Amino acid sequence: MPLLEPDPKALRPGTPREPAPDRVTDRSAGGTPEPLRSELTALLGADKVLWKISDLVRYASDASPYRFLPRVVLLPEDLDDVSAILSYAHGEGRDVVFRAAGTSLNGQAQGEDILVDVRRHWTGIDVLDDGARARIRPGTTVLRANTALARYGRLLGPDPASAIACTVGGVVANNASGMTAGTTRNSYRTLASLTFVLPSGTVVDTADPAADEELARAEPELCAALMEVKAEIEADPELTARIRAKYTIKNTNGYRLDAFLDGATPVQVLRGLMVGSEGTFGFIAETVFDTLPLERRVSSALLFFPSLTAAAAAVPRFNEAGAIAVELMDGNTLRASVSVPGVPADWAALPRETTALLVEFRAADEAGQEAHERNAEAVVAGLDLVRPAASVTNAFTRDAGTIAGYWKARKAFVTAVGGSRPSGTTLITEDFAVPPARLADACEALLELQSRHGFDAAVAGHAAHGNLHFLLAFDAAKPDDVARYDAFMQDFCAMVVDRFDGSLKAEHATGRNIAPFLEREWGTRATELMWRTKQVIDPAGVLAPRIVLDRDPRAHLRGLKTIPKVEAVADPCIECGFCEPTCPSKDLTTTPRQRIVLRREMMRQADGSPVESGLLDAYGYDAVETCAGDSTCKLACPVGIDTGAMMKGFRHRGHSRREERLAALAARNFRAVETSARLAVGIADGLGKRVGDAPLQAVTRLARKAVRPDLVPEWLPQIPGAAARRLPPTSPAGASAVYYPACVNRIFAGPDDDFGLSLAEAVVTVSARAGKPVWIPRDVAGTCCATIWHSKGYDAGNRVMANRIVEAAWGWTAGGKLPLVVDASSCTLGIADEVVPYLTEDNKALHRELTVVDSLVWAADELLPKLTVFRTAASAVVHPTCSMEHLGGVGKLRTVAEACADEVVVPDDAGCCAFAGDRGMLHKELTDSATSDEAAEVGRRPYDAYLSANRMCEIGMERATGRPYRSALIDLEHATRPTLG
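Under my numbering, the first residue of the sequence shown carries the number 182, and numbering increases by one thereafter.
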C-alpha cells in the first residue's frame, strides 16, 4: 500500500440513519453474479462488461422517480456486439434494456437484468446534401447535432428542453418533441430513414431499396403478421378514425398505431413503429433526418398575466399570429427559477397566481421579422397584462442575451422546481395534452385536482400545442404519501381521458408510470392490438418488459426511489443528467449525476453494510480522484449544482492532519517551492533531452507507487522546460494595469515555436504597443491564485494563499485603482471567484475593490482596438478552457484568435481537457479520455496555429493531438509586430 494512501472510510457517511426500504440488498454487494459475468465477458470482452456493485448502482437511476438495479451493464461498440447480446438474451431467457442519456422521465432507461449503454460508443453526425439531411448515431446529443447543422443554416425538428443532454436515439425512441415540434416537426414526421436491429438480431436499413425483400427472406412470419394487423385496422373504419384523431394532438402514449395506416410495406410499418417504441421493438443504430431551416431572425417576449387561465386563454391568439413557440410558466415555476443564474431576483416575490407566456416568432429575413412583430403587438394590445415586478417589461425584444435568459428560465422547469422541492422528497414529472382550444379549461381542472389532493404543484408547458407539464413532490418512503400520489394519478387519468379526450403522455412517452393506464386512454381494442404488435416483433419478450405494456394496475408504484439527504451542495439534484455530456470523466469512470447517485445509495444503507463498503472501495478513484474539479457540471446544471466542489470536499476529508500541515507549510514557503519546482523542471528537461523520457517516467511511476498516485505526478514527454528566472522589466509609472504572471507561467516555459518571446514578454510588449503599458510587481514570486490547494482540497493551505494573494493584489493595484491582468484563465477564475470563501472578513472587503481581468479579455477589449494587424496565419484552431467558460470569456478568446488568423475553428467537440493543473499528470488516463473526441476532430486537418488560454491546458492538448498549443496572446503579439527580425 502506498505511504499516503487515503482511507476509504474517511468518506463513510457515518450519520445515524435507518436503512431505506429501497436500498440495494446485501446479496447484490458482489456485483454481477456468476455465470452471467463470465459468460458475457467471454462473449464481448472484459472492457465491455461493467459488473462491480458501484457500476450497477450508478446505472440504476435516471431522471425519473424510479430506480431498478440491473444485473449487469454492457458497453457494445458495434452492431455485431448488439446482435451478440440479443442472441445471448434469447438463448438464456434474459431481458435487455437499452440506455442512452438517461434523461427520460418515466423510467424507460432502467432495467432489472441486462442494461446496455448505447451512448458511449455510438456518437457521430454526417451532414448530407448541404445540410438538408443528417445521418446521426443514437448516442449523439441533440445539441451536438444542431451545432453541426447550424453552419448550414439547418436544425432538427425535435427540440426537447433537455437538448444539452438527451440523445438523438432517445428522442426517436420516445418521439420526444419539445417547444416547437408539435405534431408536424417531431421524429415521426421528419425522419427520412432508420437503421435498427430487431430482437431477433436482424438488421434493417429502411433506406435500402431491397430492405423489404431482405426482411421477407429473413423474417417471413414477422412480415406476414404485420400486414395482417394493417389489414385488420384498415378494415375497421371506426378504429381507423379513432387512431387518426388521437394524433391530431401530441401523443406518445402506447405504440404508433398510425404506422400501420401510413406504411405500405412491412419495412415502412416498422419504420413508423420504431418511433416512440421506447426500446421495446429494437435498437435504433442510426437515424437519417430531414432537417429544417434555421430561421435566425428572432423576436421574443415574456408576458405576465394575472392568472393561469388568463394566460391560457391568450394562447390561441398568438398561434393565429404565427408564433412558433408559446410556452407557459405558472407562479411556482417562475418563483423557483430564481435559482437559475441570470433570472431576476424579484421573481421570488411574484404572486402565486401570476403566470407568464414566453412567446417567440422566427423569420428568415428582416421583412418577415417586422411582419411578425406587427402581428404580435396587435395581439398584446388586446391583452390585460400585469407588471408584478420591476424587472417585468411585457415587451418583445430582439436582444439575443435577453431571449437566451428567457429560455434558460423556461428550460430549467424540471430542475429548478425540482431542486427547490423539500429535501428527501421524490419528484414526479407528468405531461399531457388536450386540444389547444381547451387549454384554459384543462388548466383550471388541473389546479383543482392538485388542490384536492394536497399538492402545491408547478405547471409549465408547450401551450401552443395544448401540452402541459406539472411536477409533484412526495416522500416515497412514506406509504401515506405514496397512496396520495396513487389517488391523484387515478383522478388525473380520468380527468384527461374522460373530460378532455386528451393524451396521458404528450411527449415523454408511456414509461413505467403511465403503462397501467394505457387502456384507459386507448380502449380495449387498440390496446390489445398494441400487445399483439409487441408479440409479433418480440415474441420472446426480450426487450424492455413492463416499460410500455404492463397489466399490473399498480405498476406505477413499483420501484419508486427514495431521495436520502446528501451533502448540501448536491442535495437539490433531481438526477436529470444535464451535467453528463460536459463531464471530462464521463467515459472513464463516473459522471456528476452518478457521483451523487452513488452517494445517495450510501445514505440508504446501514452503516458498515457490505454494499456501502463496496461503494466506498470504488468511490475514491471512480468519483473523487478522477473528477477534474473543473466544475463545468455547474455550468450545465440549471440550478448550478457544483459536484466538483463536493469532490474537493471529499479530497479534504481524505487528508490526514499531517498532509494538511505540509500543504499549509508549502503555501507559507511558496517562494522556495516555486524556485525548486522551476529548477526541477529544468533539470528534468535537460535529462530528458540527454537520456530520453523513459527513465524519468520510470522514476516517477515508482514514486507514485511508493507515496500515492494522487499526490506524485508522472513525468510526461509533453512537459516543457523551465521558464526564465527573470520576468521582463516593467515600470509602475504610467501603467494602465498590473500584470500578474501566473505561477505556472513562472515555472514552465512556453512551446518551442513561440516567435521568440515568452508569454510574459508577449503580454508586456503588445500592451505597450497598444499604449496600455502594464507593470509586473517585483514581489510576485511566492504568490499564487491558490488553485493548487483549492483543487486538491487542502483548506489550510488554501486559506494561507488566498489571503496572501488578495492582500498583495490590493497593494499592487493601489487599492483597486488599477485592474489586475492575469495570464492564465484558471488563475483569473481563482483570484476573481474561488478564493472568496477562504478570505478573512477584512480581506473580503479588499477583494470587493479589486478588478480581476483575464489577459485574453484585456487583449480583446483594451488592446485590439488600438493595434494594427500586419500579418495573419491562414488558419487557427482554438481550445476554449473551462475557466474561460466560467468567466464568460470564450468569445473574447475567439476575438483575439480572429485577429491572428483568417480562419478560426472552435471544434464542435471542444470540452474540458481535464489536465486541471497537475491532474493530467496524476491521472493521464483522465485527460486521454476527456480529449479523445476533440483530438480526433482537430486531427482531421492541419492548422497553422493551435491556440488556447492556459499553459497546462495547452500541455494537455499537445499531449492529446501532438500539436504545439500556445497562448493566443503570443500570436497576437506576432500578428501586430510592425517588423519581423
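For every residue, glycine included, the Cβ atom is placed at its ideal position computed from N, Cα and C.
What you are looking at is a predicted structure, and each value in this text was computed from that prediction instead of being measured.
Residue i: first and last residue of the uninterrupted beta strand (DSSP E) it sits in
| i | result |
| --- | --- |
| H650 | 648-655 |
| R680 | Unbroken run through R680: none, as it is neither H nor E. |
| P1056 | Correcting the residue identity first, residue 1056 is Ser in this sequence and not Pro. Its beta strand (DSSP E) spans residues 1054-1059. |
| Y920 | 918-921 |
| T1168 | Nothing in the structure corresponds to residue 1168, since the chain is present only between 182 and 1162. |
| I317 | 314-317 |
| Y1127 | 1126-1129 |
| D1023 | Where D1023 is concerned, there is no enclosing beta strand (DSSP E), although the alpha helix (DSSP H) it sits in stretches over 1022-1029. |
Among the options, nearest to residue i - alpha-carbon criterion
| i | options | result |
| --- | --- | --- |
| V299 | A346, G292, A342, A466 | A466 |
| R781 | S235, Y436, V560, Y666 | S235 |
| S1056 | F485, E895, W956, A1126 | A1126 |
| F462 | E409, P474, V729, V410 | V729 |
| T514 | V507, I505, L531 | L531 |
| H643 | P339, M1138, P898, E1135 | P339 |
| A571 | W528, A537, R591, H553 | W528 |
| S794 | P197, S343, V205 | V205 |
| T446 | C404, S604, I424 | C404 |
| C818 | R332, A552, T596, D261 | T596 |
| P1061 | S939, D811, E855, R950 | D811 |
| A1005 | S1064, V678, T1076 | S1064 |
| R218 | N367, E1030, D207, I266 | I266 |
Rounded C-alpha distance that separates residue i from residue j
| i | j | result |
| --- | --- | --- |
| M182 | S601 | Confidence is the limiting factor: at M182 the pLDDT is only 44, short of 50, which leaves the residue's position unreliable, though a coordinate-based value still follows. M182 and S601: Cα-Cα distance of roughly 44 Å. |
| T429 | C674 | 19 Å |
| A493 | A645 | 9 Å |
| L256 | A526 | 44 Å |
| K190 | P773 | 21 Å |
| G563 | N556 | 12 Å |
| D1152 | T964 | 27 Å |
| N648 | L685 | 10 Å |
| A545 | P474 | 9 Å |
| L769 | L883 | 24 Å |
| S242 | A853 | 49 Å |
| I424 | L221 | 42 Å |
DSSP-derived helix/strand/coil call for residue i
| i | result |
| --- | --- |
| F441 | helix |
| Y975 | coil |
| T461 | coil |
| P745 | coil |
| F851 | helix |
| M182 | Residue placement at M182 cannot be trusted, given a pLDDT of 44 that sits under 50; what the coordinates show is reported in the next sentence. Residue state, collapsed to three classes: coil. |
| S790 | coil |
| I728 | coil |
| W303 | coil |
| F180 | This structure does not reach residue 180, given that the chain is present from 182 up to 1162, and the question cannot be answered. |
| R907 | coil |
| A1082 | strand |
| A1034 | The amino acid at residue 1034 is misidentified as Ala; the sequence shows Val. Of the three classes helix, strand and coil, the one that applies to V1034 here is strand, per DSSP. |
| G1185 | Coverage of the chain is limited to positions 182 through 1162, which leaves residue 1185 absent and any answer about it impossible. |
| S368 | helix |
| S1064 | helix |
Residue interval of the alpha helix (DSSP H) (run including residue i)
| i | result |
| --- | --- |
| R781 | 773-785 |
| S285 | Looking at the DSSP string, S285 is not in any alpha helix (DSSP H), and its letter there is neither H nor E. |
| S1113 | 1113-1119 |
| T514 | 512-517 |
| R218 | 217-225 |
| H643 | Run containing H643: none in the alpha helix (DSSP H); it sits in the beta strand (DSSP E), 639-643. |
| F485 | Run containing F485: none in the alpha helix (DSSP H); it sits in the beta strand (DSSP E), 478-486. |
| I266 | 260-273 |
Are there three or more Cβ pairs, one per stretch, closer than 8 Å when the segment 1113-1128 is compared with the segment 788-801? no
- Message: Taking 8 Å as the cut-off, does the segment 292-306 touch the segment 432-441 (at least 3 CB pairs, one atom from each stretch)?
- Response: no
* To do: Specify whether the segment 626-634 and the segment 854-861 touch according to this definition: at least 3 beta carbon pairs, one from each stretch, less than 8 Å apart.
  => no
Kindly confirm or deny that the segment 339-350 and the segment 270-282 touch, where touching means at least three C-beta pairs closer than 8 Å.
yes
Inset, instruction - Taking 8 Å as the threshold, find out whether the segment 496-516 comes into contact with the segment 532-540 through three or more Cβ pairs. - result: yes
Is the number of C-beta pairs between the segment 452-460 and the segment 366-377 that are closer than 8 Å three or more? yes
*Taking contact to mean at least 3 C-beta pairs separated by less than 8 Å, is the segment 1004-1018 in contact with the segment 919-935?*
yes
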